[in-house]
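Below is one structure, written out as structure tokens; comments come after it.
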Amino acid sequence: MINSEKPIYKLCECAIFIAVAISVSFFEIKIGGLGGSIDFVMIPLFIMCYRHGLKYGLGGCFCFGLLYCLVGGKFGYGLPSVLLDYILAYTALGISGIFARKSRYIELSVFVGCFARFIIHFISGVTLYAISTATEIGGIVTSNAVVFSIIYNALYMLPNTVIAIIAMSLLRVPLKKLRK
877 MINSEKPIYK
887 LCECAIFIAV
897 AISVSFFEIK
907 IGGLGGSIDF
917 VMIPLFIMCY
927 RHGLKYGLGG
937 CFCFGLLYCL
947 VGGKFGYGLP
957 SVLLDYILAY
967 TALGISGIFA
977 RKSRYIELSV
987 FVGCFARFII
997 HFISGVTLYA
1007 ISTATEIGGI
1017 VTSNAVVFSI
1027 IYNALYMLPN
1037 TVIAIIAMSL
1047 LRVPLKKLRK
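Okay, so the sequence shown: first residue is 877 according to the numbering used here, each after it adds one.
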């Protein structure tokens, strides 16, 4: 019998979820040509956080962010961009691990993780990519960096959040059974 509470088991399972998330990352729908995309990357990461909690969730999501940037051919505009848009943004998803194994809060855990990621992307948009000239985004012309960052990040984070909430809701029963 495998003891799923042993740290080595948790590390191995987290590595599998990270590998699945990396594999899924190659199937994406680009949004507006600016860098955001709709994908299924967060689903294996949320499953990992749900199964193993905050510590493994944050650690696993950190590893994913680093690998996603390196293996996925993703790039940022300098080290601050890589840190905020990949490493910290995906690490923030791990916050959903505070609701580990609480199936009644599964949608809330996904929302909290997605909102934390949105906040990191928003900060990056306002500080690193701060626009100063009138730019059109989502049919709105603005020269306000705050408005631009909210709209730009909402264009891909909102659909990703909805997809992740629906997927995790559908996985509620199988995840509950897997726990036993």
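Glycine included, each C-beta is placed from N, C-alpha and C at the ideal position.
* Rounded C-beta distance between C925 and G989? I'm assuming under 8 Å. -> 7 Å
* Look at the alpha carbon of A1021 and the alpha carbon of K1052, and state the distance between them as a whole number of angstroms. => 43 Å
* V917 to I1041 span [Cα, whole Å] -> 13 Å
* Asked: If you draw a straight line from the C-alpha of F859 to the C-alpha of G911, how long is it?
  -> One cannot answer for residue 859 here, as it falls past the ends of the chain, which runs 877 to 1056.
* Taking T1037 as part of the alpha helix (DSSP H), name the residues at either end of that continuous run. => A1021 to L1046
* Can you give the Cα-Cα distance for Y885 and V958, rounded to whole angstroms? -> 30 Å
* To do: Just mark S899 as buried or exposed, buried being the case when its beta carbon has 16 or more other beta carbons within 10 Å.
  => exposed
* Asked: G954: buried (16+ other C-beta within 10 angstroms of its C-beta) or exposed?
  -> exposed
* Express the C-alpha separation of C890 and H928 in angstroms, rounding to a whole number. => 8 Å
* Just the Cα atoms here: how many angstroms apart are I894 and A968? -> 15 Å
* What does a CB cutoff of less than 6 Å around L930 pick up in its chain, not counting 5 residues either side in sequence? -> G973 and I974
* Could you say which of L921, G1001, L946 and V947 lies nearest to G936 if we only look at CA atoms? => L921
* Kindly indicate which three-state DSSP category K1053 falls into: helix, strand or coil? => helix
* To do: Confirm, please, whether the CB-CB distance from V1002 to S985 is below 8 Å.
  => no
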